[in-house]
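Structure, as structure tokens:
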């Protein structure tokens, strides 16, 4: 544990601060960074609490959030009541891939809104431009993820 406190913990806190600054909840940022830096990419609630000096309730809330945004999953150890929290394989790829359904929903709402507001109104034009940008981004993201997947397969 001494090695964790001197080498790993400073990284965890720095990266968690970066994630928090980008908009992620603070404790979720810390849990994610801790899992990312762990040997197995999986820890129990007690292990996370010990490493982060955080309460079980704080860990639980963070894991709930991270599960909802498809960054971690829960796995029960066979024959045990304890759950392990596990980073998804290729976590960044999986996370971005799961965003496609969110972008599709936003696009549907924006396109409907642009039609409802009308192309001749300032609001309608802004909403249409927003939809066009998100569609452009969605296509670019899909292409980027396909290239990443092909690169990983070639390794």
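Residue numbers (our numbering): 4 to 158.
Here a beta-carbon is modelled for each residue, glycine too, at the ideal position from N, C-alpha and C.
Buried or exposed by the 16-neighbour rule on C-beta atoms within 10 Å, applied to residue i
i           : result
residue 142 : exposed
residue 35  : buried
For residue i, the residue or residues it bridges with in DSSP
i          : result
residue 68 : Note: residue 68 sits in no beta bridge, so no partner.
Residue i - DSSP class collapsed to helix/strand/coil
i           : result
residue 102 : coil
residue 16  : helix
Cβ neighbours of residue i in the same chain (closer than 7 Å, five flanking residues each side left out)
i           : result
residue 87  : 45, 46, 47, 78, 80
residue 14  : 40
residue 132 : none
Cβ-based neighbour list, residue i, same chain, cut-off 6 Å, excluding 5 preceding and 5 following
i          : result
residue 65 : 30, 31, 34
Requested in this report: Report the residue ranges of all beta strand (DSSP E) runs contained in full by the segment 18-58; include only those spanning at least 3 residues, in chain order.
Outcome: 45-47
Report task. Could you tell me which uninterrupted alpha helix (DSSP H) segments, each at least 4 residues in length, are contained entirely in the segment 74-151, listed from first to last along the chain? Result -> 94-101, 103-120
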